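Trainee: Going by our numbering, the first residue of the sequence shown is number 1, and it counts up by one from there. Glycine included, every Cβ here is placed at the ideal spot set by N, Cα and C. Just so you know, these numbers come straight off a predicted model, no measurement behind them. Mind having a look at this structure? Questions to follow.
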Amino acid sequence: MSLSVNPLLMLLVLVIFLTSAYLLNRWLFKPLLTFMDNRSTSIKSDLQNIQSNSSEVASLNAEADKVLSQAKAEANLIREKALESARAVAEQKISTKRDELEKKKREFMVGLEEEGVMLRNSLLSQMPLYRESLKAKLSQL
């Protein structure tokens with residue numbers, strides 16, 4: 001049995017192969033390569049955007065930290081002013097109350113001295129009565 005080569009059949013296979021390769025290249029491989037190139041470009045663009053966004057985020061974080069520290073400093077300043085004001089008001093009230101109490105104490109002491117003098121005078125004026133009453137009691141014993 002001999003193998004014979006049919007040139008017409010070989011030519012037909014060659015034409016079908018070349019046509020298939022041309023059509024696959026045109027409809028499958030070129031769109032696929034274009035899609036892959038576009039995707040690579042998109043990924044590179046996204047990475048650049050991410051890097052610029054991360055630097056933006058870092059600057060915004062730094063700015064937010066700065067604003068927070070300023071706000072804390074202002075809050076501390078406001079709190080200190082409020083405390084100083086409250087202390088001043090409290091000291092003024094304490095001073096006023098202390099003066100008022102001191103005045104009442106002096107008035108009380110003056111009244112007490114006057115009552116002491118009146119009591120002493122009353123006792124001295126009734127001393128002869130007490131002596132006679134005492135003598136009467138002693139004589140009964």
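#1: Look at the alpha carbon of GLN48 and the alpha carbon of SER54, and state the distance between them as a whole number of angstroms.
#2: Roughly how many angstroms separate the alpha carbons of ALA62 and GLU56, rounded to a whole number?
#3: Taking only three categories from DSSP, how would you classify VAL89?
#4: Can you look up ASN6 in the DSSP assignment and give me helix, strand or coil?
#5: GLN140 to MET118, Cα distance in whole Å?
Mentor: Based on what the coordinates show:
#1: 10 angstroms
#2: In a straight line, the C-alpha of ALA62 is about 10 angstroms away from that of GLU56.
#3: helix
#4: coil
#5: 33 angstroms
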